[in-house]
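One structure below.
Numbering (the working numbering), first residue to last: 7 to 380.
Put into structure tokens, the structure is as follows:
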């Protein structure tokens, strides 16, 4: 077997090892038997919320087992074909099997990455907030570029994107925008994007000078109904107002917009759909999402990547730099992952950056660790 193919086989084996580790392969079949026994309980649906969670957990385990077994079987079959083809000097069989292995390597790597999304709320939908930071009009334009980037990324994955709120910039772009991104593992992917994003470019507003702009991104999980988050009515202030935006098909202008302020934490959430009742529901879900995230932070002894990156949207707090002048480069300051394809990134090609951050987190490195290795 050629050295190149041996390397591919070794890479697939490494991916399989991680998949086995993440689902605790030694007990997986036993746990599935337990799930199946509980599913057959005639009283299961007496508690619909618990039953739904059980069914989700069971399906997640089934998918993990099937994925592992499928990749393992395809790997064994391909290696066997290569060995048989080499024995019989059948180059066509060897070539076909090698192509299968190369495709299998990509599949295994993707499944390995998905296996890292095992947090309690990783499978959930996400709220994504984008706010212009230091830089005035330039920053508002940068915030709108980031909004476009994330919308394109989400749509490329088949996710649904709903604009919840948008505030136009004074001259261009947006001061802020909030989206709800709906899709499996939406929060798991987007959580790595929380932090300050820095842009360096020649100003498009007639100045002809090189400008640095900042915008803050925050991602929060949409909380399932079966997760109880208590909100004291006395702690919130609900205001209705006439919303406005930069125009276009995504922006509503209506008197029914709702803003909820949580007094103890200072969290403010808004929604500007056509129905005031719908806005209250959406805004309360967004508030609960933010409060749940705060609770997760209190539970964690270590500072997680999301909140390590938080701070004012300005110098010294950025997680990623997008340089368009004097050279082309996008670099994540936590992982050192970088690319010269700035256009591709701004068009939504973010998977490489998200994958690097997920892998760093699993490896147990903090943002400070990553920066010290620069």
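Positions of the beta carbon are idealized from the N, C-alpha and C atoms, including for glycine.
task: Measure the C-alpha to C-alpha separation of residue 331 and residue 90 and round it to an integer number of angstroms.
output: In the chain shown, residue 331 corresponds to position 325, counting from 1. In the chain shown, residue 90 corresponds to position 84, counting from 1. Taking the straight line joining both Cα atoms gives about 55 Å.
Member of 353, 335, 204, 274 whose CA lies at the smallest distance from the CA of residue 345: Taking the first residue of the chain shown as 1, we reach residue 345 at position 339. Taking residue 345 as reference, the option from 353, 335, 204, 274 with the minimal CA-CA separation is 335.
query: For the alpha helix (DSSP H) that contains residue 63, what are its first and last residues?
result: Reading the chain shown from its first residue, position 57 is the one you call residue 63. Run containing residue 63: 54-93, per the alpha helix (DSSP H) assignment.
message: I'd like to check one pair, residue 67 with residue 57: are the Cβ atoms closer than 7 Å?
response: Here the question's residue 57 lines up with position 51 in the chain shown. Here the question's residue 67 lines up with position 61 in the chain shown. With respect to residue 67, residue 57 sits apart: the two C-beta atoms are not nearer than 7 Å.
Residues bridged to residue 186 (per DSSP): Sequence index remark: in the chain shown, residue 186 carries index 180 (1-based). Residue 186 pairs with 133, 168.
query: So residue 177 is in the beta strand (DSSP E); what residue range does that whole segment cover?
result: Translated into the one-based positions of the chain shown, residue 177 becomes position 171. No beta strand (DSSP E) contains residue 177, which DSSP labels as neither H nor E.
task: Indicate whether residue 137 and residue 198 have their beta-carbon atoms separated by less than 7 Å.
output: Locating residue 137 in the chain shown gives position 131, counting from the first residue. Locating residue 198 in the chain shown gives position 192, counting from the first residue. The answer is no: Cβ separation not under 7 Å.
Cα-Cα separation, residue 145 to residue 195: One-based indexing of the chain shown puts residue 145 at position 139. One-based indexing of the chain shown puts residue 195 at position 189. The alpha-carbon atoms of residue 145 and residue 195 are separated by roughly 25 Å.
field: Simplified DSSP assignment, three categories, for residue 221
entry: Locating residue 221 in the chain shown gives position 215, where the first residue counts as 1. The answer is strand: DSSP assigns residue 221 an E or B state.
query: From the DSSP output, which residues share a beta bridge with residue 205?
result: Numbered from its first residue, the chain shown carries residue 205 at position 199. As computed with DSSP, residue 205 is found in a beta bridge with 219, 328.
task: Evaluate residue 149 with the Cβ neighbour count: other Cβ atoms within 10 Å of its Cβ, from every protein chain shown; 16 or more gives buried, anything less gives exposed.
output: Looking up residue 149 in the chain shown gives position 143. With 16 or more Cβ atoms within 10 Å of its Cβ, residue 149 is classed as buried.
query: Thinking C-beta only, is residue 191 closer than 7 Å to residue 381?
result: Residue coverage of the chain in this structure runs from 7 to 380, which leaves residue 381 outside it and unanswerable.
field: Where residue 291 falls, given that 16 or more other Cβ within 10 Å makes a residue buried
entry: For the purposes of this step, residue 291 is identified with residue 285 of the chain shown, where counting begins at 1. Residue 291 is classed as buried because its beta carbon has at least 16 other beta carbons within 10 Å across all chains shown.
message: I'd like to know whether the C-beta atoms of residue 226 and residue 130 end up nearer to each other than 7 Å.
response: Counting from 1 along the chain shown, the entry for residue 226 is found at position 220. Counting from 1 along the chain shown, the entry for residue 130 is found at position 124. Contact annotation: residue 226 and residue 130 have beta-carbon atoms that are not nearer than 7 Å.
query: Cβ of residue 21 within 7 Å of Cβ of residue 115?
result: Counting from one through the chain shown, the residue named residue 21 turns up at place 15. Counting from one through the chain shown, the residue named residue 115 turns up at place 109. In contact: residue 21 and residue 115 (Cβ atoms closer than 7 Å).
field: residue 235 - DSSP class collapsed to helix/strand/coil
entry: Translated into positions along the chain shown, residue 235 becomes position 229. Assigned with DSSP and collapsed to three states, residue 235 falls in coil, not helix or strand.
- prompt: Between which two residues does the alpha helix (DSSP H) carrying residue 28 extend?
  reply: As a first step, residue 28 must be located in the chain shown, where it is residue number 22. It spans 9-28 - the alpha helix (DSSP H) in which residue 28 sits, taken as one unbroken run.
Residue range of the unbroken beta strand (DSSP E) whose run includes residue 333: For the purposes of this step, residue 333 is identified with residue 327 of the chain shown, where counting begins at 1. Per DSSP, residue 333 belongs to no beta strand (DSSP E) and is neither H nor E.
query: CA-CA distance, residue 4 and residue 14?
result: The question about residue 4 has no answer, for the chain in this structure spans 7 to 380.
- request: Report, in whole angstroms, the separation of the C-beta atoms of residue 264 and residue 240, which I expect to be a contact under 8 Å.
  value: Residue mapping note: residue 264 aligns to position 258 of the chain shown, counting from 1. Residue mapping note: residue 240 aligns to position 234 of the chain shown, counting from 1. No, residue 264 and residue 240 are not in contact; Cβ-Cβ is about 18 Å, not under 8 Å.
query: Expressed to the nearest angstrom, what Euclidean distance is found between the alpha-carbon atoms of residue 266 and residue 324?
result: In the chain shown, residue 266 corresponds to position 260, counting from 1. In the chain shown, residue 324 corresponds to position 318, counting from 1. For residue 266 and residue 324, the distance between alpha carbons rounds to 28 Å.
- request: Rounded to whole angstroms, what's the CA-CA distance from residue 256 to residue 60? Just pull it up for me.
  value: In the chain shown, residue 256 corresponds to position 250, counting from 1. In the chain shown, residue 60 corresponds to position 54, counting from 1. Residue placement at residue 256 cannot be trusted, given a pLDDT of 40 that sits under 50; the coordinates are not used to answer.
message: Using 7 Å as the threshold, is the C-beta distance between residue 18 and residue 111 below it?
response: Here the question's residue 18 lines up with position 12 in the chain shown. Here the question's residue 111 lines up with position 105 in the chain shown. Yes, Cβ-Cβ distance for residue 18 and residue 111 is below 7 Å.
field: residue 186 classed as buried or exposed, judged by whether at least 16 other C-beta atoms fall within 10 angstroms
entry: Taking the first residue of the chain shown as 1, we reach residue 186 at position 180. Here residue 186 is buried, its C-beta having at least 16 other C-beta atoms within 10 Å.
- prompt: So what's residue 288 in DSSP terms, helix, strand or just coil?
  reply: Sequence index remark: in the chain shown, residue 288 carries index 282 (1-based). Residue 288 falls in the helix class under three-state DSSP.
Cα-Cα separation, residue 76 to residue 93: In the chain shown, residue 76 corresponds to position 70, counting from 1. In the chain shown, residue 93 corresponds to position 87, counting from 1. Answer to the nearest angstrom: the Cα atoms are 26 Å apart.
task: Can you check the stretch 101-164 for any beta strand (DSSP E) of at least 3 residues that lies completely inside it and give the ranges in chain order?
output: Runs of beta strand (DSSP E) with 3 or more residues, each lying fully within the stretch 101-164, are found at 132-138, listed in chain order.
- prompt: Between the C-alpha atoms of residue 360 and residue 343, what's the straight-line distance to the nearest angstrom?
  reply: Counting from 1 along the chain shown, the entry for residue 360 is found at position 354. Counting from 1 along the chain shown, the entry for residue 343 is found at position 337. If you take the alpha carbons of residue 360 and residue 343, they lie about 10 Å apart.
- request: Determine the contact status of residue 171 and residue 341, defining contact as a CB-CB distance below 7 Å.
  value: As a first step, residue 171 is located in the chain shown; it is residue number 165 there, counting from the start. As a first step, residue 341 is located in the chain shown; it is residue number 335 there, counting from the start. No.
Three-way DSSP call (helix, strand, coil) for residue 340 in this model: To locate residue 340, count along the chain shown from 1; it is residue 334. Secondary structure at residue 340: coil, using DSSP grouped into helix, strand and coil.
query: Does DSSP put residue 277 in a helix, a strand or coil?
result: The residue given as residue 277 occupies position 271 in the chain shown. Three-state result, residue 277: strand.
- prompt: Excluding sequence positions up to five away, which residues of its chain have a Cβ less than 6 Å from the Cβ of residue 34?
  reply: If you number the chain shown from 1, residue 34 lands on position 28. Only 71 meet the Cβ criterion.
task: Leaving out five residues on either side along the sequence, give the residues of the same chain with a beta carbon under 7 Å from the beta carbon of residue 87.
output: Within the chain shown, numbered from 1, the residue matching residue 87 stands at position 81. Closer than 7 Å at the Cβ level, and outside the excluded window around residue 87, lie 99, 103.
message: According to DSSP, simplified to helix, strand and coil, what is residue 363?
response: Position 357 of the chain shown, counting from 1, holds the residue named residue 363. Look at residue 363 here: in three-state DSSP terms it is helix.
- request: Use the C-beta contact count for residue 308: other C-beta atoms within 10 angstroms, 16 or more gives buried, fewer gives exposed.
  value: Against the chain shown, residue 308 aligns to sequence position 302. Any answer about residue 308 is weak, because its pLDDT of 38 lies below 50 and its placement is not dependable; what the coordinates show is given next. Exposed: under 16 other Cβ atoms inside 10 Å.
task: Taking all protein chains shown into account, decide if residue 29 is buried (16 or more other Cβ within 10 angstroms of its Cβ) or exposed.
output: Translated into the one-based positions of the chain shown, residue 29 becomes position 23. By the 16-neighbour rule on beta-carbons within 10 angstroms, residue 29 is buried.
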